[in-house]
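Asker: Provided herewith is a single structure, encoded as structure tokens, for subsequent inquiry.
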Amino acid sequence: MIDKVILVVCALAPLTFGEVARDANGCRVLSSLPEPGIHPRIFFTADEYPAMRKRLSTPRFKAVFGKIRRQVVSQAFSQYRALADADFARDGVSDDEIVDYLVAGEGRNINWGVASVTAVLDDNGPLKDLMKRVVVNYAHIILASRERSEDSDLAASPKLQKALTVWTHDRFDVGVSWTFGGAGLPLAYDVLYNEMAENQRTTVSRAIAAATKGRKSYGNGMDRGFASSNHYGYHGDLAVMLSAIEGRPGFDQKTWDGIVQVMTDYWEVGYTPLGVSREDGYGPNLGMRAGSRGFLVMARRGYNIFETEKYRKFINYVTQDYDPYPGGHLNGGASGGPYPELYPTSTIVARYMYPENTAANFNYRQLVGENYERRIRWQGWLDYLLYGSDWKGPDNRESMLKGAGLPLSVSYPVRGKFIARSDWSSDAIYLTFDARPDAHLIGHDKVDRGNFSMSALGRVWAFSGDFHQWNTSRENSLVHIDGKAQAWKAPSARMLWNRHGKNVAGAAADLKYAYDWEWTPPWPKWGKSYPAPWEPEKSSASDLGWPRDHLIPEVDGEIHGSATGYAGRNNLHRRPYNRVEKACRSAFLVRGSHPYAMICDDIRKDDEEHHFEWIMQLPGDLTEVGRSRDQIILRESRGDRCLLVRFLQAKACDIRVESYQVHEDRRSGKVTEGQRLVASCEAIEPAFRVLLVPFREGEKLIPVTAWNRDGSLLRVAFGESSHLLRFERRAGATRITLQSP
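Under this note's numbering, read the sequence shown as residues 38 to 778, first letter to last.
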């Protein structure tokens with residue numbers, strides 16, 4: 038049986054009538070788990086219904102989500118009436134009915150959960166009766182399909198055979214989950230339990246028991262070094278299904294222990310001590326989708342990640358990862374790429390668990406929009422119903438972000454990520470820089486060590502390309518030499534230093550290893566051989582850049598042969614690709630009345646002259662409006678926002694904006710176009726120094742820049758205001774300090 042949680046009540050924040058019970062750190066104190074046989078019990082208890090009704094009645098949220106609830110209820114009566122009216126207990130379930138009904142239906146499951154909870158909250162008798170019969174009849178279908186799968190004549194009925202493939206293996210993946218009801222079916226059973234006769238309860242619990250018995254999700258029994266994958270958390274609804282039948286016959290303790298191991302490993306290995314997902318947006322978006330529900334179930338049963346400092350840092354990390362303006366995206370897709378919108382579950386749950394936390398409320402605000410103008414994605418309807426409400430905080434976004442108490446710049450040393458902003462306004466310059474010491478642990482990744490992105494004035498200027506050209510560096514903002522930069526994909530890179538000054542924030546990375554070699558995929562089975570010059574990747578992560586003061590047992594040793602990456606021993610090999618003498622990049626944000634960014638590249642291949650290209654990925658709506666010997670001005674096609682890109686190094690560049698084909702869909706033939714800024718020159722060591730200044734057309738913000746004789750000081754003047762920047766080398770990379778105001 039599931040171990041019972043022992044609640045220790047201490048250090049609670051003082052309450053007034055109607056307030057949420059919170060601990061000293063602001064985390065919601067979850068209700069005690071009732072004895073087996075008392076429902077609801079999965080996520081909440083019956084005495085929490087009044088609080089749920091109150092949350093759902095907050096004005097702006099009710100105006101938007103109330104329509105969705107009414108839509109779901111209407112669909113329940115129109116779409117599920119036939120299923121509800123069937124009498125499978127009397128008539129049995131035919132093969133055709135198995136084929137028709139036993140399908141993976143994520144939206145269906147969500148609607149069943151929403152309709153069932155709504156029926157109870159509204160005390161809607163007809164809806165409760167309808168959903169009770171829907172749930173019981175679907176349970177009959179699950180049980181009938183299980184029995185039918187044991188017959189030997191299935192080959193004669195290919196449609197039936199296909200429908201019954203969920204019974205031919207012991208995996209628990211999303212296809213299995215969505216076929217057996219996901220979170221929606223067990224939640225419907227949980228809230229309608231007290232409306233059911235005992236024989237109906239038995240039917241549903243037997244069906245859930247059959248669906249979960251012996252099931253193993255990805256990561257079950259695997260070494261912890263594999264636990265960075267979002268697939269660990271993605272199957273958290275297995276815990277939800279099991280928790281619905283704890284204490285009843287058929288509950289599989291071994292299956293429960295397995296999903297607890299998977300979820301525990303995912304949190305403890307897949308997220309750094311600073312709360313950062315190793316897979317960036319794949320964590321909050323996918324791993325913490327069903328994962329958040331699984332962790333809520335586990336929290337009420339003894340393992341509570343939400344009350345930890347690490348989880349609070351996870352909330353802050355999401356806040357830092359967002360572009361600062363309304364509608365801004367999360368800079369955490371494919372190894373730092375853009376995520377236009379997230380699946381909402383993790384954001385909703387974080388805000389629910391920390392109802393007064395400013396960062397959690399800001400993330401929720403960013404998700405739904407200033408006035409709920411952003412899409413309320415159907416994949417999160419169940420979570421919106423259980424945990425949604427209006428966000429709290431000042432209407433002014435800048436005041437809200439200031440109130441979160443976060444730094445203007447932050448570094449994540451194990452993840453290899455630097456984030457800086459000029460201020461807390463929506464117009465702020467926002468800069469990210471990405472290098473990845475931990476890349477051998479993950480799968481969703483690109484060839485982009487040293488990539489950067491930038492937004493300012495409420496829009497994106499430089500961004501990380503999407504996951505289309507994952508095995509080439511050409512779609513990323515990197516320096517290319519004779520048409521080459523990096524190849525797929527460096528297992529680690531070394532962050533050299535970071536600095537978080539009041540006036541200048543910056544970071545640097547050594548990218549030489551990423552240029553020198555190319556790598557095989559790590560997933561071929563152990564023992565697969567590669568011809569010379571391929572050789573095993575025998576370096577350790579700490580050799581290549583993993584900070585030694587953050588070392589964990591799962592990565593302490595050679596990468597080749599380690600239990601990291603995917604489901605077998607890591608068979609990573611390397612071969613020479615683009616050998617360079619050095620390749621260091623540093624990125625800076627200079628604050629003040631006229632903030633700007635600076636990218637410095639110290640790169641040299643050998644003693645010969647080569648063709649160097651400095652590339653910056655551009656959004657498709659930018660056009661060139663001005664150019665001179667060392668600079669180009671870009672402007673949005675509709676609007677007055679502009680970006681000055683000035684090349685400050687001695688070596689002159691040819692500057693161009695080029696279009697290219699990003700992707701062609703094999704089925705539709707649709708072509709996705711992209712564009713990039715390319716500055717090229719013939720040099721031995723170009724020493725790129727690139728100034729990025731956002732401004733609005735009509736503003737006199739084009740700076741005057743001038744070097745001293747030895748190139749160690751740069752004067753930057755905006756009208757009457759000027760300052761000096763000192764340039765020096767630190768650990769092989771250029772470092773900038775403010776010499777004078």
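We put the beta carbon where it would ideally sit given N, CA and C, even for glycine.
#1: Is it right to say residue 780 is buried, meaning 16 or more other beta carbons lie within 10 angstroms of its own, or is it exposed?
#2: Could you check how far apart the C-beta atoms of residue 479 and residue 316 are, in whole angstroms? I think they sit under 8 Å.
#3: In the DSSP assignment, find the beta strand (DSSP E) that holds residue 29 and state where it starts and stops.
#4: With DSSP collapsed to three states, give me the class of residue 147.
#5: Suppose the cutoff is 6 Å on Cβ atoms and the five residues either side in sequence are ignored; what does the same chain contact list for residue 585 look like?
#6: Give me, in chain order, the residues of the same chain whose beta-carbon lies closer than 8 Å to that of residue 229; leave out the 5 immediate sequence neighbours on both sides.
#7: Using the three-state DSSP reduction, which class does residue 168 fall into: helix, strand or coil?
#8: How long is the line joining the alpha carbons of residue 129 and residue 274, rounded to whole angstroms?
#9: Give the straight-line distance between the Cα atoms of residue 27 and residue 77, rounded to the nearest whole angstrom.
#10: Assuming residue 309 contacts residue 452 (C-beta within less than 8 Å), just tell me the rounded distance between them.
#11: According to DSSP, simplified to helix, strand and coil, what is residue 173?
#12: Counting C-beta neighbours from all protein chains within 10 Å, is the total for residue 768 16 or more, i.e. buried, or is it exposed?
#13: Which two residues bound the contiguous alpha helix (DSSP H) that contains residue 26?
#14: By the DSSP assignment, the alpha helix (DSSP H) with residue 332 in it spans what residues?
#15: I need the boundaries of the alpha helix (DSSP H) containing residue 233, first residue and last residue.
#16: Quick check: what's the CA-CA separation for residue 766 versus residue 67?
#17: Could you please give me the residues that DSSP links to residue 617 through a beta bridge?
#18: Which complete beta strand (DSSP E) runs does the region 621-688 hold, if anything under 3 residues is left out?
#19: Bridge partners for residue 718 per DSSP, in chain order?
#20: Roughly how many angstroms separate the alpha carbons of residue 675 and residue 558, rounded to a whole number?
#21: From this set, 380, 332 and 297, which residue's C-alpha is nearest residue 323's C-alpha?
#22: Roughly how many whole angstroms lie between the Cα atoms of residue 163 and residue 355?
#23: Mapping the DSSP letters down to three states, classify residue 195 as helix, strand or coil.
#24: Between the C-alpha atoms of residue 343 and residue 655, what's the straight-line distance to the nearest angstrom?
#25: As a quick exercise: from 236, 262, 287 and 213, pick the residue whose alpha carbon is nearest that of residue 254.
#26: Which residues in the same chain have their Cβ closer than 6 Å to the Cβ of residue 497, if we skip the five residues on either side of it in sequence?
#27: Quick check on residue 416: buried or exposed, where buried means 16 or more other Cβ atoms within 10 Å of its Cβ?
#28: By alpha-carbon positions, which one of 262, 705, 722 and 541 ends up nearest to residue 477?
#29: Here's the rule: buried if 16 or more other CB atoms are within 10 angstroms of the residue's CB, otherwise exposed. What is residue 114?
#30: Give the range of the alpha helix (DSSP H) segment to which residue 352 is assigned.
#31: Nearest by alpha-carbon distance to residue 685: which of 744, 630 and 507 is it?
#32: Please list the terminal residues of the continuous alpha helix (DSSP H) segment that includes residue 398.
#33: Rank 466, 725 and 413 by C-alpha distance to the C-alpha of residue 106 and give the top, closest one.
#34: Could you compute how far the alpha carbon of residue 665 sits from the alpha carbon of residue 634?
#35: Using a Cβ-Cβ cut-off of 6 Å (strictly less than) and excluding sequence neighbours within five positions of residue 535, which residues of its own chain qualify?
#36: Could you give the DSSP three-state label for residue 291: helix, strand or coil?
Answerer: Answer, in terms of the structure:
#1: No answer is possible for residue 780: it lies beyond the span of the chain, which begins at 38 and ends at 778.
#2: On the sequence shown, position 442 is the one that residue 479 refers to. On the sequence shown, position 279 is the one that residue 316 refers to. Sure, about 5 Å apart at Cβ, within 8 Å.
#3: Residue 29 is absent from the model: the chain starts at 38 and stops at 778.
#4: The residue given as residue 147 occupies position 110 in the sequence shown. DSSP places residue 147 in helix when its eight states are reduced to three.
#5: On the sequence shown, residue 585 is found 548 positions in, with the first residue counted as 1. Taken in chain order, the residues that qualify are 579.
#6: Residue mapping note: residue 229 aligns to position 192 of the sequence shown, counting from 1. Cβ neighbours of residue 229 beyond the five flanking positions: 153, 156, 157, 165, 168, 169 and 172.
#7: Start at 1 with the first residue of the sequence shown, and residue 168 comes out as number 131. Reduced to three states, the DSSP call for residue 168 is helix.
#8: On the sequence shown, residue 129 is found 92 positions in, with the first residue counted as 1. On the sequence shown, residue 274 is found 237 positions in, with the first residue counted as 1. Those two C-alpha atoms are separated by around 29 Å.
#9: For residue 27 there is no data in the structure shown, the boundaries of the chain being 38 and 778.
#10: Position 272 of the sequence shown, counted from the start, is the residue given in the question as residue 309. Position 415 of the sequence shown, counted from the start, is the residue given in the question as residue 452. 6 Å between Cβ atoms; contact.
#11: Against the sequence shown, residue 173 aligns to sequence position 136. Helix, per DSSP.
#12: Here the question's residue 768 lines up with position 731 in the sequence shown. It counts as exposed.
#13: Look at the range of the chain in this structure, 38 to 778, and you will see that residue 26 is not part of it.
#14: Here residue 332 refers to the residue found at position 295 when the sequence shown is read from its first residue. Where residue 332 is concerned, the enclosing alpha helix (DSSP H) stretches over 327-336.
#15: Along the sequence shown, read from residue 1 onward, the residue named residue 233 stands at position 196. Membership of residue 233 in any alpha helix (DSSP H) is not indicated, and neither H nor E is assigned to it by DSSP.
#16: Position 729 of the sequence shown holds residue 766. Position 30 of the sequence shown holds residue 67. For residue 766 and residue 67, the distance between alpha carbons rounds to 53 Å.
#17: The count along the sequence shown starts at 1 and reaches residue 617 at position 580. DSSP, once it has assigned bridges, lists no residue as partnering residue 617.
#18: 633-641, 647-655, 659-665, 668-673 and 678-684
#19: Translated into positions along the sequence shown, residue 718 becomes position 681. The partner list for residue 718 (beta bridge, DSSP) reads 649.
#20: Within the sequence shown, numbered from 1, the residue matching residue 675 stands at position 638. Within the sequence shown, numbered from 1, the residue matching residue 558 stands at position 521. One C-alpha to the other measures close to 43 Å.
#21: Residue mapping note: residue 323 aligns to position 286 of the sequence shown, counting from 1. Minimum Cα distance to residue 323 is reached at 380.
#22: For the purposes of this step, residue 163 is taken as the residue at position 126 of the sequence shown. For the purposes of this step, residue 355 is taken as the residue at position 318 of the sequence shown. In a straight line, the C-alpha of residue 163 is about 42 Å away from that of residue 355.
#23: The count along the sequence shown starts at 1 and reaches residue 195 at position 158. Residue 195: helix per DSSP, three-state reduction.
#24: Here residue 343 corresponds to residue number 306 of the sequence shown, with the count starting at 1. Here residue 655 corresponds to residue number 618 of the sequence shown, with the count starting at 1. If I take the Cα positions, the gap works out to 38 Å.
#25: The residue given as residue 254 occupies position 217 in the sequence shown. The candidate whose alpha carbon is nearest that of residue 254 is 213.
#26: Along the sequence shown, read from residue 1 onward, the residue named residue 497 stands at position 460. Counting only Cβ-Cβ distances below 6 Å, and skipping sequence neighbours, we find 656.
#27: For the purposes of this step, residue 416 is taken as residue 379 along the sequence shown, with counting starting at 1. With fewer than 16 Cβ atoms within 10 Å of its Cβ, residue 416 is classed as exposed.
#28: Here residue 477 refers to the residue found at position 440 when the sequence shown is read from its first residue. Nearest option by C-alpha distance: 262.
#29: Position 77 of the sequence shown holds residue 114. Exposed, by the Cβ-count rule.
#30: For this step, residue 352 is matched to residue 315 along the sequence shown. 346-358 is the span of the alpha helix (DSSP H), which, as asked, contains residue 352.
#31: The residue you call residue 685 lines up with position 648 of the sequence shown. With distances taken between CA atoms, residue 685 lies nearest to 744 out of 744, 630 and 507.
#32: In the sequence shown, the residue the question calls residue 398 occupies position 361. That run of the alpha helix (DSSP H) goes 395-405.
#33: To locate residue 106, count along the sequence shown from 1; it is residue 69. Closest by alpha carbon: 413.
#34: Looking up residue 665 in the sequence shown gives position 628. Looking up residue 634 in the sequence shown gives position 597. Approximately 20 Å between the Cα atoms of the pair.
#35: Within the sequence shown, numbered from 1, the residue matching residue 535 stands at position 498. These residues qualify, in order along the chain: 448, 455 and 544.
#36: As a working note, residue 291 is residue 254 in the sequence shown. Residue state, collapsed to three classes: helix.
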